[in-house]
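Numbering (the UniProt record's numbering), first residue to last: 1 to 154.
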């Protein structure tokens, strides 16, 4: 069991990071350990952090040999919000993060998992409870589990 997911992300943007655990696994399988199974800690670092609410929204998205991270600072709560908008700043920021993912070359499409469909929905202005702190983890975990199943089936 291994994992390269960092305990914290340190920048705002969309970027890639190699998935060392998967690259190692692929190398071992190619080297003759065909029965070796891939196991990791998912999209959350295994050691919990202090319980304060982050001022950022991030999604850690699993790709074939790398992580695709998208992280943005929560939009200013004091900024003017359109009068018809009932969304809070975290929900608006989460939509922006989802748009970054959908517009990237790593997005697998809405049919890959429930999480991918919800990421697309959020990016296109649909979806509910997008300001919940659990939403980015739930959608990324759905995608991650579907990804692992696709690797086993390959």
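Here a beta-carbon is modelled for each residue, glycine too, at the ideal position from N, C-alpha and C.
Here the structure is a predicted model, which is why all the values come from computation and not from measurement.
On the criterion of 16 or more Cβ atoms from any shown chain inside 10 Å, does residue i qualify as buried, or is it exposed?
i, result
"residue 71", "buried"
"residue 100", "buried"
"residue 86", "exposed"
"residue 142", "buried"
"residue 135", "buried"
For residue i and residue j, what's the separation of their Cα atoms in angstroms?
i, j, result
"residue 84", "residue 129", "Per-residue confidence for residue 84 stands at a pLDDT of 49, beneath the threshold of 50, marking its modelled position as unreliable; the derived number appears in the next sentence. Those two C-alpha atoms are separated by around 17 Å."
"residue 159", "residue 35", "Here the chain has residues from 1 to 154 only, and residue 159 is not among them."
"residue 57", "residue 152", "30 Å"
"residue 45", "residue 6", "6 Å"
"residue 76", "residue 97", "15 Å"
"residue 14", "residue 123", "15 Å"
"residue 22", "residue 38", "7 Å"
Report all residues from its chain with a CB closer than 7 Å to the CB of residue i; omit the five preceding and five following residues, and keep chain order.
i, result
"residue 19", "4, 65, 66 and 67"
"residue 162", "In the structure as shown, the chain begins at 1 and stops at 154. Residue 162 is therefore absent and cannot be evaluated."
"residue 146", "112 and 113"
Name, in chain order, the residues that DSSP records as bridge partners for residue i.
i, result
"residue 17", "67"
"residue 56", "73"
Given residue i, which residues of its chain have a CB within under 6 Å of its CB, disregarding the five upstream and five downstream residues?
i, result
"residue 107", "101"
"residue 41", "3"
At least three beta-carbon pairs within less than 8 Å, the stretch 30–38 to the stretch 114–131: no
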